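Quick note on numbering: my numbering labels position 83 of the sequence shown as 206, and the sequence is numbered without any gaps. Notes follow once the structure below has been shown.
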Amino acid sequence: MKTFVRTALITLTLLAGPVTSAFAFGAIAVNDSQGTAASEAGYGMGWGSSRQEAERNAVRECKSAGNDDCTVAVWFERCGAYAGDRVNYGIGYGSTLKAAEKMATADCPNCQIIVSDCQ
Numbered sequence: 124m125k126t127f128v129r130t131a132l133i134t135l136t137l138l139a140g141p142v143t144s145a146f147a148f149g150a151i152a153v154n155d156s157q158g159t160a161a162s163e164a165g166y167g168m169g170w171g172s173s174r175q176e177a178e179r180n181a182v183r184e185c186k187s188a189g190n191d192d193c194t195v196a197v198w199f200e201r202c203g204a205y206a207g208d209r210v211n212y213g214i215g216y217g218s219t220l221k222a223a224e225k226m227a228t229a230d231c232p233n234c235q236i237i238v239s240d241c242q
């Protein structure tokens with residue numbers, strides 16, 4: 124019986140293959156007019172099977188959160204990040220959250236991460 128269970132588990136693992144996300148792209152849309160503190164910046168995250176779909180969904184989410192003027196700041200395939208301060212911003216993307224956040228703050232060293240996520 125143990126051999127049957129072990130064989131079944133191995134077979135299921137091999138048949139399952141790599142787990143992938145249903146969405147191929149992500150995007151972050153923001154509303155951070157100059158003079159707004161980083162903590163007050165509005166944003167929305169969007170996901171989709173295409174870059175355009177992810178961007179549309181991010182803008183829609185940003186606007187549904189009560190923001191008037193939302194624009195796509197960054198799109199990504201794995202992880203994305205947006206950092207900002209009162210005047211400047213930085214964007215990042217990469218294969219890990221840490222890599223995306225590092226890229227976002229490299230262009231804006233005095234900025235704080237406002238939003239970051241991975242699919």
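Yeah, the Cβ is synthetic: ideal placement off N, Cα and C, and Gly gets one too. All of these numbers come straight from a predicted model, not from anything done at the bench.
Name the residue from 149, 169 and 154 whose alpha carbon lies nearest to the alpha carbon of residue 211. The sequence position of residue 211 within the sequence shown is 88, counting from 1. Comparing Cα-Cα distances from residue 211 to each of 149, 169 and 154, the minimum goes to 154.
Starting from the Cα of residue 217, find the closest Cα among 198, 239 and 202 and give me that residue. As a working note, residue 217 is residue 94 in the sequence shown. Looking at 198, 239 and 202, the one whose alpha-carbon comes closest to that of residue 217 is 202.
Identity of the residue in 193, 214 and 230 nearest residue 237 by Cα: On the sequence shown, residue 237 is found 114 positions in, with the first residue counted as 1. Closest by alpha carbon: 214.
Let me confirm a value: residue 177 is counted as buried when at least 16 other C-beta atoms fall within 10 Å, else exposed. Which label applies? Counted from its first residue, the sequence shown places residue 177 at position 54. Residue 177 is buried by the Cβ-count criterion.
Residue 231 versus residue 241: straight-line alpha-carbon distance, rounded: Taking the first residue of the sequence shown as 1, we reach residue 231 at position 108. Taking the first residue of the sequence shown as 1, we reach residue 241 at position 118. Between the alpha carbons of residue 231 and residue 241 lies a gap of roughly 21 Å.
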